[in-house]
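Peer 1: Sequence order for the protein chains is A and B. Taking the numbering used here as reference, the numbering of the first sequence is continuous, increasing by one, and the terminal residue is 1122. Taking the numbering used here as reference, the numbering of the second sequence is continuous, increasing by one, and the terminal residue is 572. Ideal Cβ placement from N, Cα and C applies to all residues, glycine included. Below you will find the structure I want to go over with you.
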Amino acid sequence: MFCYNCDCHLSEHDFCTACGADVSLYKKIMHVSNMYYNEGLERAGVRDLSGAITSLRQSLKFNKNNIEARNLLGLVYFETGEVVAALSEWVISKNLRPEKNIADTYINMVQSNAGRLDSINQTIKKYNQALAYCLNDSKDLAVIQLKKVLSLNPRFVRAHQLLALLYIDNEQWEKARRELNKCMDIDRNNTQTLRYLKEVEGMLATEEPEAGVVKSKKDDIVRYQSDNEVIIQPRSVREPRNPLLSNLINVAVGLVIGLAAMYFLVVPAAVKEAEAKAKTEIAEMVEQMDVKTRRVQELEKQVKAFTDENQELSAKLEGYVGKDGTLNNVDYLLNAAKHYLENQDLELTAQQLDLIDKDLNQEETSESFRSLYDLLLQTIGPDLSKKYYNEGYTAYRNEEFTTAIDLFSKAVYYDASNVDALYNLGNAYRRNGDVQPAIDTFDKVIELFPNTERARRSKQYRNTLAEEQNN
Amino acid sequence: MINFEEELKKFNPSLEVEDAVEAIYNQDLTDMADLLVKMLKESEEKSEQ
């Protein structure tokens, strides 16, 4: 013990031998603190942890520097699951006495294992959550949460008490008693635990006779005195007359009961199971059928699409290969070129050129086709035109106007500058009675070859025909 | 008969590890010895005056 005034070691005297300060009261206070510490230590020794906490706190109220009392208080807190309170006491203790302090060991024990510290914190958080659930009337959730808390820290007295309280509220007396007994194993003199336990024991005592677990059999027995002994004999016990028969009857009854159980319990269950299995199989088959039907429909669609595509491609191919197809036109042109290059045979060349479709779409033909066709026309066009003109004129003279129209048309086609052919085409139309084609042809002569004799005559015929048409 | 609501009020949330520092700082560490020393010093001051 040290002097409060000069920190010198105190002797047995009531004053400080160093500074002379009166330390009688101070010594008494220190003694009271030690007395409470001893009491706390004693209570902790018999697991009266609540009592120990009270005593140790009293001790610290008298002397905050009572390091042993503070360390023991921390230890008791730790034992009841109040880890943060324990840590607080040990940290203060360590601050008050930094050297040679067992609190150092305790703190290291908790803090050195990060997993354990985290587990402690999780436990506290879950406990607080459980308490919040209780306040929000979510008692089922609170029970679940508290069970988790206690699985992490089975020494958490407050959690046990809260769980017991929830069980009491739910009238689950047996479970409540189990929790409270666990509390008692940790802290034997906790007032709250004792109060709850008293309530639970009271409720269980009133329930037990009602439940009929222990049945009085006083009525079923006969007591009588024989000499010095009391004979206790069951009233309803009878000796079986024929043990074999009774055994057989019992076996038969057992068989009947077994068969009945089989018929009423097992068979319907088996039938139900079979039905359920069949239903499942049918459902699976229907599903498979649906899948297959969908597949068939998809394939049918694909077949239709392919058929349409095939028809389209066939039509295209026909366009290339058919009677008036592009490929045929190419053949005709090549034949025409061949005849002309080999023999300069105008007639055969003309025959082949005539076979080429005049309305052939220029975009469907290749550039080389068009070039060759144009070249042939430029080369032999005027000669061919002259040839057709001469033949046409002969037909015109023979008054075969339809043939003449055809031949003059070809002559105009192969040489657009052949004014005679165009003029006589108009005349052939006129003589054949084709008034409108005749007018159109004469209009072309007037337009393409103005200021010529043919144009002048064409104008006369055109006007005459137009007047006739109007009349 | 235990009243659940009343009993529930006796349960307080437990301190979490993060709150430990604050709890330590807030703890009143004044003891009887401190009070005695204070009283003695005050009485000494009065007698000196």
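1. Taking E530 (chain B) as the query, report the chain A residues whose CB atoms sit under 7 Å from its CB, ordered along the chain.
2. May I ask you to report which of helix, strand or coil DSSP gives H664 (chain A)?
3. Is the beta carbon of L831 (chain A) less than 9 Å from the beta carbon of V794 (chain A)?
4. If you draw a straight line from the alpha carbon of I771 (chain A) to that of C834 (chain A), how long is it in whole angstroms?
5. Mapping the DSSP letters down to three states, classify I1097 (chain A) as helix, strand or coil.
6. Please state the DSSP three-state secondary structure of D959 (chain A).
7. Mind checking S867 (chain A): buried by the 16 CB within 10 Å criterion, or exposed?
8. Could you please give me the residues that DSSP links to F653 (chain A) through a beta bridge?
9. Going along the chain, which residues of the segment 530-551 of chain B sit with their C-beta nearer than 9 Å to a C-beta in chain A?
10. Which of the three DSSP states, helix, strand or coil, is assigned to D941 (chain A)?
11. Could you check how far apart the C-beta atoms of L1035 (chain A) and L997 (chain A) are, in whole angstroms? I think they sit under 8 Å.
12. First and last residue of the alpha helix (DSSP H) that includes K564 (chain B)?
13. Per DSSP, D673 (chain A) forms a beta bridge with which residues?
14. What residues of chain B sit near N714 (chain A), judged by a beta carbon separation below 9 Å?
15. Which one of A:S1022, A:T1016, A:N980, A:Q962 has the shortest CA to CA distance from L1004 (chain A)?
16. So which residues on chain B does N772 (chain A) lean against when the C-beta distance must stay under 9 Å?
17. Contact criterion: CB-CB distance below 9 Å. Does C659 (chain A) meet it with respect to chain B?
18. Going by beta carbon distance, what residues of the same chain come within less than 8 Å of Q773 (chain A), once the five residues before and after it are set aside?
19. Could you compute how far the alpha carbon of N1115 (chain A) sits from the alpha carbon of I1056 (chain A)?
20. What first and last residue would you give for the alpha helix (DSSP H) that runs through T1000 (chain A)?
21. Assuming I837 (chain A) and R809 (chain A) are in contact, meaning their beta carbons sit under 8 Å apart, how far apart are those beta carbons, in whole angstroms?
22. Spatial neighbours of A862 (chain A) within its chain, please: CB distance less than 7 Å, with the 5 preceding and 5 following residues excluded, ordered by chain position.
23. Would a check of beta-carbon distances place K776 (chain A) closer than 9 Å to chain B?
24. Roughly how many whole angstroms lie between the Cα atoms of I819 (chain A) and E850 (chain A)?
25. Reducing DSSP to helix, strand and coil, say where L964 (chain A) ends up.
26. Could you check which residue in A:R1105, A:Y677, A:N779 has the C-alpha nearest to that of C656 (chain A)?
Peer 2: In brief:
1. Counting only Cβ-Cβ distances below 7 Å, E530 (chain B) has contacts in chain A at L816, in chain order.
2. Judged by DSSP in its simplified three-state form, H664 (chain A) adopts coil rather than helix or strand.
3. Inclusion of L831 (chain A) and V794 (chain A) in the CB contact set at 9 Å is not warranted, their separation being larger than that value.
4. Whole-angstrom Cα-Cα distance: 19 Å.
5. Assignment of I1097 (chain A) by DSSP, reduced to helix, strand and coil, places it in the helix class.
6. Of the three classes helix, strand and coil, the one that applies to D959 (chain A) here is helix, per DSSP.
7. Per-residue confidence for S867 (chain A) stands at a pLDDT of 48, beneath the threshold of 50, marking its modelled position as unreliable; no derived number is given.
8. In the DSSP secondary-structure assignment, F653 (chain A) is bridged to A:H660.
9. For the segment 530-551 of chain B, which is checked against every Cβ of chain A, the residues closer than 9 Å are E530, L531, K533, F534, N535, P536, S537, L538, E539, V540, E541, D542, A543, V544, A546, I547, Q550.
10. If DSSP states are grouped into helix, strand and coil, D941 (chain A) belongs with the helices.
11. About 6 Å; that satisfies the 8 Å criterion.
12. Taken as a continuous stretch (DSSP letters only), the alpha helix (DSSP H) holding K564 (chain B) covers 555-571.
13. According to DSSP, D673 (chain A) bridges with A:F666.
14. What N714 (chain A) touches in chain B: D554, M555, A556.
15. For the residues A:S1022, A:T1016, A:N980, A:Q962, the minimum Cα distance to L1004 (chain A) belongs to A:N980.
16. By Cβ distance, chain B contributes E539, V540, E541.
17. Not one chain B Cβ lies under 9 Å of C659 (chain A).
18. Only L803 meet the Cβ criterion.
19. Residue identity check: residue 1115 (chain A) is Thr in the sequence provided, not Asn. Here the alpha carbon of T1115 (chain A) sits roughly 20 Å from the alpha carbon of I1056 (chain A).
20. First-last of the alpha helix (DSSP H) with T1000 (chain A): 997-1006.
21. I837 (chain A) to R809 (chain A), Cβ: 11 Å. No contact.
22. With a pLDDT of only 49 at A862 (chain A), under the threshold of 50, the placement of this residue in the model should not be trusted, and no figure is reported.
23. Chain B, which has a Cβ nearer than 9 Å to the Cβ of K776 (chain A), makes this yes.
24. Computed Cα separation, rounded: 9 Å.
25. DSSP places L964 (chain A) in helix when its eight states are reduced to three.
26. Looking at the sequence provided, one finds Asn at residue 656 (chain A) rather than Cys. Nearest option by C-alpha distance: A:Y677.
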